[in-house]
Structures are given as structure tokens and as C-alpha cells.
Amino acid sequence: MNMSKYSIFSLAKQALNFHEGWGKVWRNPEPKKHYDVIIIGGGGHGLATAYYLAKNHGVTNVAVLEKGYIGGGNTGRNTTIVRSNYLWDESAHLYEKSMKLWENLSQDLNFNVMFSQRGVYNLGHSLQDMRDIQRRVNANRLNGIDGEIVDADELKRRIPILNTSRHSRYPVLGASFQPRGGTARHDAVAWGFARGADSLGVDIIQQCEVSGFIRENDRIAGVETNRGNIGAGKVGIVVAGNSSVLADLAGFRLPVTSHPLQALVSEPIKPVLNTVVMSNAVHGYISQSDKGDLVVGAGIDSYNGYGQRGSYTVIENALAAIKELFPVFSRVRMNRQWGGIVDTTPDACPIIGESPVKGVYINCGWGTGGFKATPGSGYVFAHTLAKDQPHELNQAFSLQRFSTGRLIDEHGAAGVAH
Amino acid sequence: MKNNRLQGEGRINRNRPLNFIFNGKSYQGFEGDTLASALLANDVHLVARSWKYHRPRGILGSGAEEPNAIVQLEKGRLTVPNARATQVELYEGLQASSVNCWPGLEFDFLSINSLFSRLMPSGFYYKTFMWPKKLWMSYEHVIRKASGLGVSPELPDPDRYEKTYAHCDVLIIGAGPAGLMAALAAGKMSARVMLVDEQSEFGGSMLHSNETINGQPAQDWVSDTCEELASMQEVKLLPRSSAFGYHDYNFVTINERLTDHLPTGQKTGGRERLWKVRAKQVVLATGALERPLVFANNDRPGVMLSSAVMQYVNRYAVAVGQEIVIFTNNDSAYETAMTLLEAGLKVIAIIDNRINPGSSMADQLRSEGVKIIDQSVVVDVKGSKRINAVQVMSLQPGGDKVTGSVQTIACDLLAMSGGWSPVIHLSSQSGAKACWDDEKACFLPGVPIQHERSAGASNGCFDLKNCLSEGMLAGNEAAQQCGFEVDASIQLPVVNEVIFNRIKPLWLVPSMFKAGRGPKQFVDMQNDVAASDIMLAAREGYHSVEHVKRYTALGFGTDQGKIGNINGMAILAQSLQQNISETGTTTFRPNYTPVTIGSIAGMNLGGELFEPVRKTAMHGWHKQEGAEFENVGQWKRPWYYPRAGESMLDAVNRECLATRNSVGIIDASTLGKIIIEGKDSGEFLNRLYTNAWKKLDINKARYGFMLGEDGMVMDDGVTIRLEENKYFMHTTTGGAAPVFSWMERWLQTEWPELEVFLTSVTDHWATAAVVGPNSRKVVSAVCEGIDFDAQAFPFMSSREGLVNGIEARINRISFSGELAYEVNVPANYGLQMWESLMAAGEQYDITPYGTESMHVLRAEKGYVIVGQDTDGSVTPVDLGMDWVVSKVKDFIGRRSLYREDCVREGRKQLVGLLTLNGSDVLPEGGQIVEDPNASIPIPMIGHVTSSYYSANLGYSIAMALVKGGLSRMGETVHIPLADGKVIAAKISSSIFYDADGEKQNV
Amino acid sequence: MLQIPCPWCGIRDESEFSYGGEAHITRPLNSENLTDEEWADYLFMRKNTRGAFLEQWQHAQGCRRWFNIQRDTVSYKISASYKVGEQPPQGMGNEK
Amino acid sequence: MSDLQNGESPLVQIDFNQFEKVKGIKLTELKFQGHLNLRGRLNDKAFCKAISDAIGVELTSLKANTFILSEDFKVYWLGPDEWLIVTPPDQQLELKNTLQQALQGIFSSVTDVSSGQTIISISGFNARSLIEKGCTIDLHPRQFKKGDCAQTHLSKATVLLSVVKSSEAFEIIIRRSFADYLGLWLLDSSSEFV
Ligand SMILES: Cc1cc2nc3c(=O)[nH]c(=O)nc-3n(C[C@H](O)[C@H](O)[C@H](O)COP(=O)(O)OP(=O)(O)OC[C@H]3O[C@@H](n4cnc5c(N)ncnc54)[C@H](O)[C@@H]3O)c2cc1C
Ligand SMILES: NC(=O)c1ccc[n+]([C@@H]2O[C@H](COP(=O)([O-])OP(=O)(O)OC[C@H]3O[C@@H](n4cnc5c(N)ncnc54)[C@H](O)[C@@H]3O)[C@@H](O)[C@H]2O)c1
Ligand SMILES: Cc1cc2nc3c(=O)[nH]c(=O)nc-3n(C[C@H](O)[C@H](O)[C@H](O)COP(=O)(O)O)c2cc1C
Ligand SMILES: [Zn+2]
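From first to last, the protein sequence lines are chains E, W, L and A. Here this note's numbering is used: the first residue of the first sequence is 6, the next is one more, and so on. Here this note's numbering is used: the first residue of the second sequence is -9, the next is one more, and so on. Here this note's numbering is used: the first residue of the third sequence is 1087, the next is one more, and so on. Here this note's numbering is used: the first residue of the fourth sequence is 19, the next is one more, and so on.
Here's what the structure looks like:
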């Protein structure tokens, strides 16, 4: 596949050529009749799965089917926070695998995903928050994940614009800090994986919506789409907010509900916030992008919704929280707001593995926090698809856990937030 | 300094000159000016540097669409980043400066970026800065330095932001001729009308129009109409108000600016007001925005929108140029030309891409000496910080290539018009899908899916007569939909009919260079997106318009593509050989124009108003006694009561000792309290709680555990049977509201056959728990009508009596293991009761204690706190409390307890921990390991949930959840701390004090 | 911002209500006879329909009644509101 | 029987004098009224009759989201099986006894919540604007008339709002523990009318 290698030299060379010689990032091919593996969903997770299938397992007769444009789902709508300081061993190891992949991703993909390890603070506002922070940071350190506990005075020193007044309604008592956490350029992640997968032979097919499954005996044989039927040996469903819809088409049920989750950005301003600050208690998340806009994450809407938009009270509350935490931003103006559809599970942890239908695999339930898992999720899901058995890192995340009761409850302690 | 002010009147008040400062220099303008018009009046054209290449930029437009003239307003606390000069009303003393340039606007260091612009096409950063890997953070540091426009204030905002809900029948957005007419129609029908416009005055384009209405200047009609509207009782007029979001169910958010137009010293009251409007019907009369034309160096100062030029001349009496060339593809620019001539300015030529664009105006202009050069285009301009000439070429037949020689025309201003784009933003936000109109070469509002309609230019109607009639129709229809009758007396104003010729779309102006090889032809000026960038994106395979937006940043700026998007999409369509409707638009989203965080956050901030502070009847007393408070849910609870010089630990130790040795008192009013009444109350409790309730005697109390249906502990508390069919339940403080609604839910949805009523009485009762060996003496001194004898009033029972003559209920229950009574009185008398108890306890040195001591005391007894000693993964069995779980009846969560995972070996169980060195206090949240020297990852077997120094015992105690903990008694485990220290502890029973429970039974 | 019709109070702003998820999930009696899978089905598995959906809400800050509505989860339009115990609109609620 | 002198309203910390500076708003507290929460089923004829006999109110004809004045009592609709009866100070226990007598053997519940809530009366030409700042209900006299009531939220507090005189005079019943918050909110919100 003719992929132009990206580098400062190729950039200079192309500049002389008025940038007329760049190859395509991906080919936009017509779908073939049959693939060994079809990945439904061209978000970061689906594309990463395809990439690692080809790269790590040599499975290259693969198509990624995307109903819209790739990266247009939650991948293109999230606040891009990356961290791995999860509480429970199972999650911690999975997200830490992802973190390690992030640390080499730009080089691996030859596409700068602008992974920026500016650190992530999770604020504590109550004694219980601080207990949870202790518990999580201690667990992280024993699991080999970087983390420290920072008290309010130290926080103030590091982030002078943060309001640490004791007279706040919910004063900041301290925070956990993961120095290796940060953000990444979300679109670049989708494009980089797509380009990487494409160059290894994967077909990326956009504007192709899966509307049904074809079965032979009790095994999957392919999918129906608006661009015709396409045969497949195996099918991986990686459609985030639409997981229940696809599961329903395939004939099984999921413990998933889809909710609107909103985010918003300000006008671009000169750098003032060089790290990521998150607060569950007052419900606001904020970082500043490399373009200068403040990226703010709002809360989740309580109701089910596939509308990619949510209720205004959620925005009001998020910005009230931001103003409470950062009173200096009050006069900064918000530019745009939008919503995604997040697939939440009862234990705030993903489901990765076999489905009840033979040949169909499911990767979903990342809810409000799966962007950070993009490479790791693709990595273990590719393994699961290629080997017909889970990678040790996703073993615990099977659909069966909802029957056995072996949930991995990331709710209270760490998992709710992005 | 050159003065560009014209003789004509305009709408400025020449009797009110205003002084202002721009980039450190003083200037003068007039009341009625915007910062932009005042700058132009002073011949300041260069106002900004562009974002990426730092090219000199001037003022392009006259309103919300402005991409270039972004300034920093004021300094210090009041500074405003990214204000659009075109929307800033001038006031005395205004200070503004250019953003994104260093050291200054005239010489900007980073304008060297322009030299490297070839190396920096869209998305270049995805292709580089990857080596060496370590350096990315340094590269990024530099990239970030260069990012952003204005600067954030460094100090908290002193201003106040008001917020209100509002309702109306008809909300009309935009007060141009269409909106005014709609308001008049609906208002006359006596509908409740709100009319909003983001400008300082109503009138929209009529404020600069040359047209007449009813034979008078349009401006007169505007003021008459406004007067009439103001006299209508049910009509609300909101100038300076931007409707910025159109949400579901006709919910529209409006930002009203109350004081931004006032001089700094004169601003009083709130700065802005957020209106959250529910309208039965909405009329969108938001007008249309003129499009620029995309040719080489079209971003130079001195190149402006034709409508803006006209507006500066007519509305602000400013000559933005003296020798003017016009470049257009439609007729509207001819009006500008007429205006300029009337103002005595020189129009040298009109360059029009159409063939013989004849109209009555064209003839008139020709007769006044204006050269009309048809079938031609401007291919480039000369001059950098201000243009001095334009270069013109003819078009080949077909119109997509230039031909012949370049004609250079000297001029100091180029007014351009690429046609008009209806402002369909709000319509699109409401869910209507915009549709492309080939004839008019613009997107029109789609079929409404909410109760809304568009009228006037926003509906693609570009002549005044029809704007007025569409407005009237929209007003009538909208009010009719609300049930009002059309007012027959309303008349359409009389205006002259104007005939327009067809626009000839001109998306990318043909040039002598192959696209991308000549000077940049800008599409999105704020983000420095050139036509070549869009073509590059298309060439590289970014075909979706959404990909192109994200790859090039087209439409990402503070103007959200108001200027560039349509041209950009059309250029993309051309590159992909699609038509524009196939390419489509990107998604329109709020905000229409940017809105302050302050405004959306609103006024309800600060210590007490960010979130309600719930207070008990004794709150004032606690405060007076110097209590430190803890947030528990929305409540403030006394945490501990430090005396002078005491540390928290000192205070807690004192409180705990006093309580165990004599008597303590704690405000327990915050616990949830629910009356459960009806003949099935016992049955209902049986289903809710894990244990059995029907056999509880009247006036007896029992402890219960509530589980979620997943079997995990949700809440706990003591419930008392008051009567045969009446129980009084206590919930945890945080659990009160959720538990109450949980109970209602089961009753209403699952078991409506049960005869049970629930009533919350949390707020009605104030509760003081009097705790300790001397509590009986204290309580019996205060409570009348109760026999406090140990046998007559045993542990876990309840009595009614009087306190100060007020009905009271005394419960002998204990959360500390001491003899204890909870005294409840109606909360109006709570303080009085508290003070009586304090007085009666004085001789025993009664000691008020807070939640911290309460936690210590209960931990000494091994009592759990739901939410601290449990998380969402703990069953009562894990807590070693299977005695509270009935084996015979069903209850919520029961089945879950028998799932595979809930019955497996090795679940985490609640145990006690005693540090080997009793003065070491474990951190709550400490992780427990068997071998602290194992290599990472070190397996963890549990964590510390509660931990305190116990003054009563003289050593520290802790509770922990440990894998298989109950069968590990006596084992030593290790708790590694963040600082590298490791504390060793022994697993023990979680009951540390008075294991037989004798103290509470005395 | 939704406006939700409470069967008793009429149309009120969404902020007065709390959400209860999918409607018409009945609690199994004799749960001890269920397998872990069957119990999990009741406990966790949800339709999560894209489109017309029957769901529960409580008028929490109003009359405190729980009730059901039919709402389209894409357009958010509400097409029916009915009390607990009443039948859902025709054609809804019986399919699994 | 009780000594009101020693009782303390939940609004004790709010300085009502401050409202005197506010234009177009008169704000007073109706302290220490009796509040009884009544539960019962309307399809239970015995229940309705008992209430009608005891206080002369036909609950079946009290429309949702309205209240009526009967003798000294105000009866508010709270839900299809729930009402609030507000009595003058100190009459609640007597009324509670009367009702409980009358409702013997009938599935019902009468609960004294007098100390659990209080009433704020707000009137004047700015009253509506003030309440609208935190209230999602349309308070226009065409929509929300004398005799109407609604349980809703005012900013972040749950309230029972009722109209004493259309568009001009309102009463707000607020839970005790939220009263201080609401008082502060009202003070803060009315500052623009000073
Ligand atoms: C506002 C917001 C903020 C967030 N913030 C963070 C954060 O800060 N950090 C973090 O880690 N996570 C965050 N998340 C979560 C994160 O975005 C997601 O978990 C993650 O992006 C999911 O990636 P994905 O590839 O699985 O899903 P998506 O990117 O949604 O991809 C799924 C794709 O499937 C496609 N699809 C659906 N149905 C079909 C069909 N029938 N046929 C074909 N294709 C189909 C969709 O079009 C979509 O492109 C946030 C989410 C939101 C909405
Ligand atoms: N000659 C032409 O080609 C041409 C093209 C366009 C318009 N026009 C003329 O312009 C006039 C259009 O009249 P009209 O009433 O439709 O529009 P208008 O432009 O006169 O008024 C629109 C008003 O809406 C306001 N507005 C827009 N968005 C808003 C928002 N979100 N919130 C608050 N206010 C907002 C603007 O400030 C403006 O005052 C007609 O006279 C028409 O002939 C002519
Ligand atoms: C991290 C992040 C930063 C963004 N920054 C901007 C921005 O600066 N300007 C802008 O207009 N949109 C910005 N967006 C929002 C997108 O324009 C868009 O709204 C979002 O991707 C959702 O897509 P949609 O609005 O097309 O549905 C940003 C989105 C994300 C996820
Ligand atoms: Zn209701």
C-alpha cells in the first residue's frame, strides 16, 4: 500500500512540490465480498482493533465498517483525557497497558497523535473523596502505576488559579495526581490508526451502516449493510453508544444503557492551564488544548438518549463547577457545545469478549471514559478475535460477569469520570 | 491623524464624543459607535494578526461574523479576551489592544511564520515533531505558546451574572424588518411576545438602509414600530441579547448584556443575564450574512464585506476608503456603490463576474462615472498592511478560468460580496435539516421539526417587501398556533419593489496560478485556512466535510465559520466533484456567538449558594461554639469542637473520653426519618430489609440493612414500631433522599397492592443523642412523663414524653455502645431542647461532639458506616453480619447473594486491624499486602476502610476489608505507605471495646 | 431540555423529574428458582432501544408519582404518558 | 399548649429587614403555622367522607395543583393521594387528633410536619420576576392563577408554590433544612431590585 512516510523531511520535500504529492491517508475502497474479520464501528477502538489484528496477528483481510465518517462517534467528541490510575487490579492493568501503548503511539503509527503527558489531577472535596484517593493511589503504586497524593496547599502552588479556599461550598481538600496522564489529539488517533491499518491492507469503508447479521447454522456468516451484504468469518462489534442496537440485531442482550454526555470548548486563549483537572464531586473536567481552547467535560444525562445532545442544566452545572474551581475563567466565553452517546454498564467497566452468538465478539461499555483505552482496547480485542480467546488483560471483562456477579465496581472510587 | 468621519448623520451622537485607547494610543469616537467603526473613523485599518501566520489583518465585517478584529478589552479583573471589535459598543475610556502579536501589532515577531507557511499546511503537525520522541513535550510547549488569541483574566471576576427562566407565546429572534413585523403582528393579537436582537438597537439592516417604508426613511419606521411595541403590555423587548442556543422543546437560551456598553465606573448591577426561555412558538428572523470572495490575499486590511462598507458609511458615518473598488457576483453590492457615491466617495470600478449585470442601479452608476467591469474578477491585491491596488483579470467564457492580462487598479478599499448566507444557525440547531438552494446559491432553513418558522433574509428572502410580508405572516401564524386571532387592522407597510438579478456563484476565484501555488486565498480567516488547505485535505483522502473541518480547522474559530464555511464547503465539493448538497454542512451547534462562563454558571455561586447548605435547628449553636463542620451530603454537620489551642486530634480525644466516661451530646438531626403507615407496613419492611419485622413489639427498635437488588449494602438504620401499623424508619444522612424515593418506587410500581403510606419527617424532628454513662441522669432531668428505669425503658425501645412541655420521642438506641438516648422534638424547639440538655448536663461536664468522635466511638465497637466501610461491592455477609440476613423470606437483593461470585471463597471480609506499634495510625485507604517486598505488581489483599487513634484504648484501631479476612485472625499484614514506609498490623476482630455489649445495657 | 407530561400535574420541566430507566420490568417472584443467568437478565439486561422506548420517570420534585412515558430516544419526542398499571400504547411493551 | 416564644423558625438566620430595601417586593414569613400531611385513597368513599365530615373539604373536588381555603385551613393538593393542611399556629395537634379519630380503621395517614417546613409570602410588582429567576413554571396570570399551587423547585430547593393573588402575591412552603438556603437565595436574587 502506498503510504507516504511522514517526517520533517517529507514535509520539506512536499513543500517544494506545493504539497501536491502526498498520498492518501487511507484508500476509501469499495467493500469486498468477504473478509476474514469485519469490525463494525470506525471509532478509535474499532480502528485500533483492525490495526493490531493486522500488525500483531497478521490478519489483514479485514474491513472496518463505519456508518458515518471514521472518528465521528465518541472518539471525535470526548475531552481526550488519558490516565491509567484505576482502582481495581483488572482495570488498572488494562488501562496501564493502554498507557504504555500511548507512550509510543505516534512513532508506532508514524502519525503524531500529540499525546501530551501534562499530568492529571483528580480533586477530592470530602473526607470520603480523600479516603478514596488514598485507596486508589496506594493501589496504583503497588500495581506499578505512577501516582501521588497532593494536599490543598501544594495544589495551590502548582495550579495557582485553582480556587482552594476553605470557604468554597465543597472546598478542595487535595487531589490524586498521575504525572504520566494527559491528553491526546482525538481525531489524530482515529486517523493514525486508520492510516496504519490501511497500510497493512485493512479496508476502511465509510458511509456503510450495518443493518443486520447473516447467519449460517448457528454461526455468523456476514453482515447486511446499506452497501450490500458482506461475508465474514468473524465479526467484532465496536460501536460504543450503539452497542445495544447491534446486539439486538445479532440476537443477544447487553447490560448497557446509552446516555448523552456533553462537552464544550471555550474560545482560544493563551496558555493558562497546563495540566488536566477533574472533579467528580462538583462535576466538571477541564484542560486546555494545544489550540488554546478550554475543553470542559460536563456530566452525563440521566435518561437514555441517542441524540448526541443533552439537557442544558447539565451544561449549567458543569460551568458553575468550573467557575467555582477556576473563578478567573468567568469572563472567558464558551464557543461550542456538543454531545456523544456513551454506553454505560452497571459496574462502569467495559465488556470485551465473546458474545452468545458464535463468531460475534463484542467490545463495548467504555462509557464516559474509553478514549484513554483506545490502543489497549484494540490490542486486547484483536488478540481475542485472532485467538478466539481473551487476552489475560481482558479475561475479567467478559459478559458472563453479570451472571456470576463478579463485577469490577469502578463506580465510587475511580471509574465514573473520564 | 486622518479623520474618516463623513458629513452625513448616521446613528452616532456627535454631541457625545468618547475617548478611547487602542494599542496604547488615544482616539476619539462618538456615542453609537462600535469599537470597529471608531477605529475606522480614525483610519485604523490594521487591527490584528492572524492566528497561524501572523499576517496583518483588518476589519472585515460589521457584526457577529467578524473573524479578524478580535481584541483584548480592558485590563485586570475586568479584562475580556477575544472581544469582536465590531460588536463592542464604544464607551468613554474604553481600552483595547490587539491579541496574538509580539512585541506589537505593527512589527510582530512571529510573522516570520508567514515565510514558512509553505511548511505549515493544514495538519502539518500530524506529520512531524515525532523525533526524537522525548522532545515532543518541548515541541508542544512551543506550539502551545503560539496558540490562543486573547488572554484569560488572572483574577476572579468581580461581576455578577443574573439568570432567569421565562415563558412566552411567541419568541422572535432578530429585530430587522421581518422580526419587527412579526412582533407587531403577534403583539397586536395580544400574544405574549419576546423580541430579541443582539445589537444595541432594533432595526437590523434597516439601520443602514437607504430604503423607504411608507414613504419615510426606513429608520423612522423602525423607531415608530419600536415605540408601538414598547407600549404593548405583553411584549417584552430585549436588545443586546443574543439567542445562542435552540434546544429541544422550544427551549432557547439568550444572553443579555446589561452593562458592557457602559463606562467602567458606571456599571452597576449584573453584567449579563441568561434568559432560559420556553416559547410556544419561535420566529427566526435572524437575517443573512454576506460572504466574502476567495482570491489571493483577500485577507489584507482594506478588503471588506460590501455590506459592512455600507453599514459603516450609513450607520456610523465613516468613510472606510476614499477610492473604492467593488468586487461582486450579485446585485447587493450595487447598493453599496450607490451609498458610497451619495456619501461623496469615489467608486472607481465594480468588478462583476457576471455577463452584463444590467440593472437600473448599474445604469445609474455608470452614468455617474463608475466603471462596471463585467466577466472579470479580482485575482490579487497589492499592499500588505493596507491595500493600495487590486489586480483584475477577465474570465473566459464558462467563467472558471481567467484570461488576458492583469489590470491593476489603484484603490484604498475593496468592497466584496460573494452573495448571502441566511443565518440558519438556530433553525439547524432546532433540528431542521438545512437544504441547498441552487438558484439563490445558499442554504435555506429546513422543514421545521419544532414549533418554529423562519422569515425574512434568514429564510432566503432578500428583498424588503417580502421580508416584511413574511414577517407579518410568521407573526400571525405563530400567534394563531397559540390560540390567538389575527388582528385585522394590521397593514403591511408600503415599500418600493426592487428586482434582483440572479447571483452567479463564485466559490474560488479563478487565478493565473494553479491552486495552491500562488499566494494564499483565504477561506477561514481566523484560522488561516486557505483554499489550498481544503484541496490538500481532499487530496489526502479526508473527504467528509466533517473530516475537512477537523483537519483544517475550517469553522473552528470564534466566528464558527459564519464567514468561511459555505465557501469552504463549496470548494470541497468542487475538489471532490460533488454538488454542494452532497457535501453538506457541518453540524450547527450552540453557541451562536460565544457566551461567558459566568453567564451560564449564573449568580448562584460562592460558599452558600453553589449548592444548598442544609442546616439543623441547632446549627447556629454549633457555629457559636466554634465547631468545625464536615459536609455530609448537602448537610453541614459539626465535625469536632476545638477549644482554644486544641488540635483536631486533641479535641477528638477529649470528646471521646468525655463521652465514654461521663456524657457527650451529638446533633443527630440529619438522619433520614420516614413514617411508614398502613396495615402492610410490616410486610413492606420485610421486603425492603434483610431481616424480619412483623414480630417487632410496639415501641421497640430494630437495626436493619437495606440492599440493592444486586445484593450490595445500600443503607442501614434503626426502625421503631410506633403502633400496630406504623413504623418510624431512620436512614443514613446521605441515604435519606435516595432511600425515600427507592421505597416509593417499589410501592408505586411493583407492589401497589400493599396498603402503605410513606411520609418523610426528616425536617420535622430535631434530634440530640445523649451518650455516655451519665446520659440517663441528663435525659431524665429534661424529659417529663417517662420512666427511665433501666427495666422500664430498656435498650432498643422508644417512649413518648415531654421536653419543656413539647411532645418528644426518646429512643434508647446507641451507635457508640454506651448507654444512650436519642431525644427528638419538633425542630422549632430543637435549640431549646439542646440548651436544656446542655444545662442539665453541666454538672456532668456534658461534652458536645462531632462526626469525627462519633466515627471513633462507633469504630471502637466495630459498627460499620455504609459508604465508608462498604463500597458497591460489599454484601452483609462480607461484613460478617449474616445474622441480620433472613434465611426464610424474600427481600430485595436476596437472590443476588446466591450468585456464583457472592458465595465463592476468598471474598473480602470486614475485620479489625491493630498496628503492631499502637501509636501508628493507618491511613484510611491504605492497601494491605502480605509481602511488602514482593516485586511490583504486589498483590493486594484488601484495604483500610476506617482508622483512628482511640483515646479510650490508648492505641490505634482500624477496620479493613481483607480477602478471606474472617479466617485470618491474628495474621500479620503490611500496609505500604506512599512515602515508602511500611506499617505492620495484626488482623483482629473488628470489635475493640466492650465486646459483650454491657455498657449499653446498663 | 425535555418537558415531561406528568399524568397528574401536566407538562413540567425535566428538572422536576428523576429517571427510572426501562419500564415494564417485573420483579420475578420465586427468584430462588432462577438460574444466575435468568436473574442477571432481570437485574442488568436492558432493551436500551434506539427509537420509541417505554420508560419510567418520577415526578420527584412534584407529586412524587412514578409513571411511564413513551419517548423516542433519538428525537426525544414524547408520544404518550400513562400511569403505572395502565397499558402502554398499542404495539408497545410486549416484545422482548 | 406549646410556647411559641421559645420556638425558633428555620429562617431565624435570615435578616428580613434587608428586603425592605428591595423595590416591589414584600417578603414576610408566616411562622409556626400548623402543617399536617394527609394521605388516603380517593377511591375509598369512607376516607373521603371522613375528611369531609371532619373539615368540610371534598377532596374529590379539589383539583390537582390547586388549594382551597376552608374555614381556617388551607388544603393543598400534593398528589393523587396526598394533601397538605395548613392551620393557624398551634391548631395542628387538635386537628390531627380530630382527623385521626375520624379516620379510625381507614387506610390513611396523618402526620404532623409543622416543624419541618415554613411559609414565605412574597408579594409586590417584582414578586413574579424574583421567583421566575429560579422557577421553571410559567407564572403569568394567564397560566398560574389565584388558587393554583405547584410543587416544583426554586433554584435548587424543592418548594410548594401557590398563588394568593395572580401575578402579585405568592406563598412558598419550604422544608426547614432548605429554608436558610432559600432565604439567602431570595436575598441574593432580589439584589437587582434594590
Ligand atoms: C463528551 C464526552 C467526553 C468524554 N471524555 C472522555 C475522556 O476525557 N477520556 C476518556 O478516556 N474517554 C472519554 N469519553 C469516552 C470516550 O469518548 C469513548 O469511550 C471512546 O471514544 C469510545 O470509542 P469507540 O471507538 O468505542 O466508540 P466511537 O468513537 O463512538 O465509535 C463507534 C463507531 O461505531 C459507528 N457505528 C455505530 N453503529 C454502526 C452501525 N450500525 N454500522 C456501522 N458503524 C456503526 C459509529 O458511527 C461510531 O463511529 C468521553 C465521551 C464523551 C461523549
Ligand atoms: N440585497 C440583498 O441581496 C439582500 C440580502 C440580504 C438581506 N437584504 C435585506 O436585509 C433585510 C433583511 O431583513 P431581516 O429582518 O430578515 O434581517 P435583518 O438582517 O434586517 O435583521 C436580522 C437581525 O437579527 C439579529 N440576529 C441575528 N441572529 C441573532 C441571534 N442569534 N440573536 C439575536 N439577534 C440575532 C441581527 O442582529 C439583526 O438585527 C431586508 O431588507 C432585505 O432586503 C438584502
Ligand atoms: C477535544 C475537542 C476540542 C474541540 N475544540 C473545538 C474548537 O476549538 N472549536 C470548535 O468549533 N469545535 C471544537 N470541538 C468540537 C467539534 O467542533 C464538534 O462539535 C465535536 O467534534 C462534535 O461533533 P459535531 O458537533 O459535528 O456533532 C472540539 C471537540 C473536541 C472533542
Ligand atoms: Zn406530578
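Each residue gets a CB set at the ideal place from its N, CA and C atoms; glycine is no exception. These figures come from a predicted structure and were not determined experimentally.
| query | result |
| --- | --- |
| Since E/I154 contacts W/A968 with CB under 8 angstroms, what's their CB separation in whole angstroms? | 6 angstroms |
| Is the closest heavy atom of ligand 2 to the C-beta of W/S350 under 6 angstroms? | no |
| With a threshold of 6 angstroms (Cβ to nearest heavy atom), would W/L454 be considered close to ligand 5? | This structure lacks ligand 5; the ligands present are ligand 1, ligand 2, ligand 3 and ligand 4. |
| With distances taken Cα to Cα, identify the nearest neighbour of E/R32 among E/I210, E/C369, E/S408 and E/A237. | E/I210 |
| Along chain W, which residues have their Cβ under 8 angstroms away from the Cβ of L/V1170? | Q738, T739 and P742 |
| Roughly how many angstroms lie between the CA atoms of L/E1181 and L/L1140, to the nearest whole one? | In this predicted model, L/E1181 has a pLDDT of only 44, less than 50, meaning its place in the structure is not dependable; the value taken from the coordinates is given anyway. Their backbone Cα atoms lie some 12 angstroms apart in a straight line. |
| Just list the residues that DSSP pairs L/S1167 with in beta bridges. | L/I1155 |
| Taking the beta carbon of E/Q133 as the centre, do at least 16 other beta carbons fall within 10 Å, making it buried, or is it exposed? | buried |
| Just to confirm my understanding: we take W/M515, look at its own chain, exclude 5 residues before and 5 after, and list those with CB closer than 6 angstroms. What are they? | P57, N58 and D289 |
| I'd like to know whether the C-beta of L/R1151 is nearer than 7 angstroms to at least one C-beta of chain E. | no |
| For W/I399, return the contacting residues in chain E, with the cut-off set at a CB-CB distance below 8 angstroms. | Chain E residues near W/I399: none, gap ~29 angstroms exceeds 8 angstroms. |
| Roughly how many whole angstroms lie between the Cα atoms of W/W629 and A/Q31? | 21 angstroms |
| Answer yes or no: do W/V368 and W/V380 have a C-beta to C-beta separation smaller than 7 angstroms? | yes |
| Please report the distance separating the alpha-carbon of W/E808 from that of W/L903. | 22 angstroms |
| Along the chain, where does the alpha helix (DSSP H) that runs through E/D94 open and close? | D94 to L114 |
| On the premise that W/A323 lies in contact with W/A405, defined as a C-beta separation below 8 angstroms, what is that separation, rounded to the nearest angstrom? | 6 angstroms |
| Give me the chain E residues within the contact set of L/G1107, using Cβ-Cβ distance strictly less than 8 angstroms, ordered along the chain. | T262 and N309 |
| Specify the secondary structure class of A/Y199 as computed by DSSP and reduced to three states. | helix |
| Using only alpha-carbon positions, find the residue among E/N127, E/A245, E/K275 and E/A59 that is nearest to E/L160. | E/N127 |
| Can you tell me the Cα-Cα spacing of W/L686 and W/I882, whole angstroms? | 20 angstroms |
| Taking the alpha-carbon positions, what's the A/S139 to W/V225 distance? | 28 angstroms |
| Decide if A/T78 is buried, meaning its Cβ has at least 16 other Cβ atoms within 10 Å, or exposed. | exposed |
| What is the C-beta distance between W/N(-7) and W/A31, in whole angstroms, given that I count them as a contact (C-beta under 8 angstroms)? | 7 angstroms |
| State yes or no: is the C-beta of L/I1111 nearer than 6 angstroms to some heavy atom of ligand 1? | no |
| Quick check on W/K361: does DSSP put it in helix, strand or coil? | strand |
| Could you tell me which of E/D306, E/D253, E/L205 and E/V385 sits nearest to E/Q400, measuring between CA atoms? | E/V385 |
| Which residue's Cα is closest to the Cα of W/M704: W/R711, W/V729 and W/I710? | W/V729 |
| Please check if any C-beta of chain L sits within less than 7 angstroms of the C-beta of E/F402. | no |
| Note down, in chain order, every chain W residue with its Cβ under 7 angstroms from the Cβ of L/W1143. | Near L/W1143 there are no residues of chain W at all, since even the closest Cβ is about 11 angstroms away, more than 7 angstroms. |
| Quick check on E/D338: does DSSP put it in helix, strand or coil? | One point to set straight first is that residue 338 of chain E is Arg, not Asp, in the sequence displayed. Strand at E/R338. |
| Under a three-way DSSP split, which group does W/F785 fall into? | coil |
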